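Residue numbers (the UniProt record's numbering), protein chains in the order written: chain A, 1 to 348; chain B, 1 to 348.
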DNA sequence: CGTGGAAATGAAAGCGCTTTCAAAGTCGAA
DNA sequence: TTCGACTTTGAAAGCGCTTTCATTTCCACG
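As structure tokens, then:
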């Protein structure tokens, strides 16, 4: 191996010199342009090999006027929800020849600034949940960077993809009422996120339709520990059913109930949302969401928007989509004709 | 490459013109240099606001000679294992002022090329598990891009972080033997990954120490379905214990056992690895790993290497670290003095 | 008023690459 | 042997930004 002047990476100039050609030729040889002779290409390849050259993508991107990268912003990655979305996004973006930059805002005080910075590094950006405010979203949209909002309240002129919450929550509520449950408590914060608001709304609506009062509401963060805490409080005067904003919380409530000597579903019903793996093993009735598809759809929409943008300046009308969700009935909501063996299994 | 001044993002030139200053001044004003008057800075800020300017990070990075971004390569993101590592990595990198590029190689035939490309987009790269071969690793290392390998066999001269496998597997094996289990089967592929090899080795070693034959080994992919399949086969002639390469597989075997009318742990013991949330609810004995810390450590090491590299060309000796893991005993490995209530709970 | 020196600003040179445009080869036909 | 018509290659102009270095401006002081 040749003596490298420094531990610095080789540039196209060194490859050119080594191969005895110009940088233009190197560039063409590496990009499979048919404008170079086979023999030249071979010489360039040899030089690349010898110098262990890897093109600096910054230079390339700057020259091409595109980052060849997309970004995705999410609050967290604990629990399968966001991870699956990110995975779907990465998979689709990657197929479209784009790298993926991630940004978790969880607990960051400078989230808005970080997102703005990210916007300057990508050709398109997906923003999930309650990570940044509408102002930031609008200001990014104004810079011309294509944007897709996921599971987040829509903003004027910006594409949005969400999952169905209200209708499936209503379905869930109807199921619980059919089990004879009347005193139902919602654990989660309708104010915190539009998804949560929709879930609560669906529940409340169905109860009202049955002449029942608006269900109690216990705001709570979305992990097992928070569920256990709220659950313990509820056990002082257990309701018929506890509808939780997500599975982690529901599993926490489940634990708290058992700890208090109450049996699920005999003494009270508990339901979640997301259908995490653990829900299956805890026999938890929940709602499954097409998370992977959510991410993949975002990546594809962005790709389309980016193409449109380079084609012309006309601003198309914003797209909206609501992906279907599905109720997954297991033991935790009450006894069913065919009981599912403990502690495993479930029905899809 | 048509220059439509319309939907194109604003550049530093337009801001400069709008503010009536040079681009150098704009740059300084935005970077909080103390070389600009307050009044000038205000004028620049106003122009930025008016034009909704966001600096193009490509230009900036190219000029600064750094990407201000790190990459991480992993096979997949299903299950909490990789997700947690990525999260820890992102968190630490983000604190150090670096963005994070992700690349999932799962199922990609052009993984090596994609990783090489990624290497040209970052200042440092973490590579997890069996994503790319040693050749690719060496060739990236040769370009001078700092590299850290995670849960992967070491390569000459490259930093590596792993989690303890063999010793904890031996501990687990001893525990199973203490329960009286003698016929033990390992579900997983020691050939597939060094982590798996370590787990099998620890198990085999302990069994040998007790005068028992080398355990049977059932190669298998690492999801619930694969576990169910292998589990169903095993139920024809159930062993005393099934040691699984990870929790998903163990949960699958668990399901298969129940489906075949066998009870865990009464008829057979089952153990996993990773301590996923579902393991807690299935009462699965498993091993917990510091995944978050694995990722965070990688990010910090890379930051250090990047700093060293810009400081001087001297090549430091590669670092190695093995992070501790912990046996988590629950019901699934056999009856314990204090039985844990079903179907929840566990001991940490 | 004039001056030296500090403070603020501008001009311009890159950073590593792609791509246009022009120049230099190459080859077959006249 | 000479001439076009191609085919290959090279020179150079950016892409958007940072930063050095030179220049201008502004004051305090003589």
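Ideal Cβ placement from N, Cα and C applies to all residues, glycine included. Here the structure is a predicted model, which is why all the values come from computation and not from measurement.
Heavy atom of the ligand SAM within 8 Å of residue i beta-carbon
i                     : result
residue 48 of chain B : Inclusion of the ligand SAM in the displayed structure is not the case, the ligand content being empty and no account of it being possible.
Own chain, CB closer than 6 Å to residue i, minus 5 neighbours either side, in chain order
i                      : result
residue 260 of chain B : 235
residue 164 of chain B : 322, 324 and 325
residue 47 of chain A  : 15, 18 and 19
residue 127 of chain A : 73 and 149
residue 12 of chain A  : 23 and 26
residue 320 of chain A : 160
residue 227 of chain B : 249, 252 and 253
residue 274 of chain A : 81, 246 and 247
Exposure of residue i, with buried meaning 16 or more beta-carbon neighbours within 10 Å
i                      : result
residue 33 of chain A  : exposed
residue 289 of chain B : buried
residue 65 of chain B  : exposed
residue 335 of chain A : exposed
residue 215 of chain B : buried
residue 39 of chain B  : exposed
residue 49 of chain B  : exposed
residue 349 of chain A : Any question about residue 349 of chain A goes unanswered here, given that chain A covers just 1 to 348.
residue 213 of chain B : exposed
residue 107 of chain B : exposed
residue 257 of chain A : buried
residue 151 of chain B : buried
residue 90 of chain A  : buried
residue 316 of chain A : exposed
Short Cβ contact (9 Å threshold) for residue i with residue j
i                      : j                      : result
residue 355 of chain A : residue 148 of chain A : Residue numbering for chain A in the displayed model covers 1 to 348; residue 355 of chain A lies beyond these limits and cannot be assessed.
residue 295 of chain B : residue 86 of chain B  : yes
residue 136 of chain A : residue 174 of chain A : no
residue 15 of chain B  : residue 36 of chain B  : no
residue 92 of chain B  : residue 299 of chain B : yes
residue 219 of chain A : residue 268 of chain A : no
residue 242 of chain A : residue 287 of chain A : no
residue 250 of chain A : residue 272 of chain A : yes
residue 54 of chain A  : residue 10 of chain A  : yes
residue 129 of chain B : residue 318 of chain B : no
residue 80 of chain A  : residue 79 of chain B  : yes
residue 279 of chain A : residue 52 of chain B  : no
Inter-residue spacing [alpha-carbon to alpha-carbon] between residue i and residue j
i                      : j                      : result
residue 264 of chain B : residue 203 of chain B : 20 Å
residue 21 of chain B  : residue 310 of chain B : 33 Å
residue 209 of chain A : residue 179 of chain A : 16 Å
residue 115 of chain A : residue 132 of chain A : 8 Å
residue 270 of chain A : residue 276 of chain A : 15 Å
residue 229 of chain A : residue 30 of chain A  : 60 Å
residue 348 of chain B : residue 184 of chain B : Confidence at residue 348 of chain B is low in this model, with a pLDDT of 37, below 50, so its placement is unreliable and the value that follows should be read with caution. In a straight line, the C-alpha of residue 348 of chain B is about 24 Å away from that of residue 184 of chain B.
residue 328 of chain B : residue 247 of chain B : 12 Å
residue 266 of chain B : residue 244 of chain B : 18 Å
residue 155 of chain B : residue 192 of chain B : 17 Å
residue 41 of chain A  : residue 59 of chain A  : 21 Å
residue 62 of chain B  : residue 301 of chain A : 29 Å
residue 88 of chain B  : residue 95 of chain B  : 11 Å
residue 297 of chain A : residue 201 of chain B : 43 Å
Close-in-space but distant-in-sequence residues of the same chain around residue i (CB under 8 Å, 5 per side omitted)
i                      : result
residue 118 of chain A : 71, 73, 101, 103 and 125
residue 97 of chain B  : 68
residue 307 of chain A : none
residue 109 of chain A : none
residue 122 of chain B : 67, 69, 70, 71, 101 and 145
residue 262 of chain A : 235, 238 and 268
residue 57 of chain A  : 68
Spatial neighbours of residue i in its chain, beta-carbon cut-off 7 Å, leaving aside the 5 residues before and after
i                      : result
residue 198 of chain A : 165, 166 and 169
residue 363 of chain A : Chain A is shown from 1 up to 348; residue 363 of chain A falls before or after that span and cannot be answered.
residue 222 of chain B : 245, 246, 248 and 249
residue 182 of chain A : 212 and 240
residue 225 of chain A : 252
residue 138 of chain B : 155
residue 153 of chain B : 194
residue 377 of chain A : Outside the shown range of chain A, which is 1 to 348, sits residue 377 of chain A, and nothing can be said about it.
Can you give, in chain order, each stretch of the alpha helix (DSSP H) that sits fully within the stretch 233-316 of chain A and has at least 4 residues? Runs of the alpha helix (DSSP H) inside the stretch 233-316 of chain A: 247-259, 277-282 and 291-311.
Give the list of continuous beta strand (DSSP E) stretches no shorter than 3 residues that lie fully inside the stretch 142-214 of chain A. List check, beta strand (DSSP E) in window: 147-150, 159-163 and 184-187.
Whole runs of the alpha helix (DSSP H) within the stretch 68-151 of chain B, excluding any shorter than 4 residues: Entirely contained in the stretch 68-151 of chain B, the alpha helix (DSSP H) runs reaching 4 residues are, in chain order, 80-95, 111-119 and 134-143.
I'd like the ranges of any alpha helix (DSSP H) spanning at least 4 consecutive residues and lying wholly in the UniProt domain "HTH lacI-type" (10-64) of chain A. Taking only runs of at least 4 residues, the alpha helix (DSSP H) segments lying wholly in the UniProt domain "HTH lacI-type" (10-64) of chain A are 12-19, 23-30, 38-51 and 57-64.
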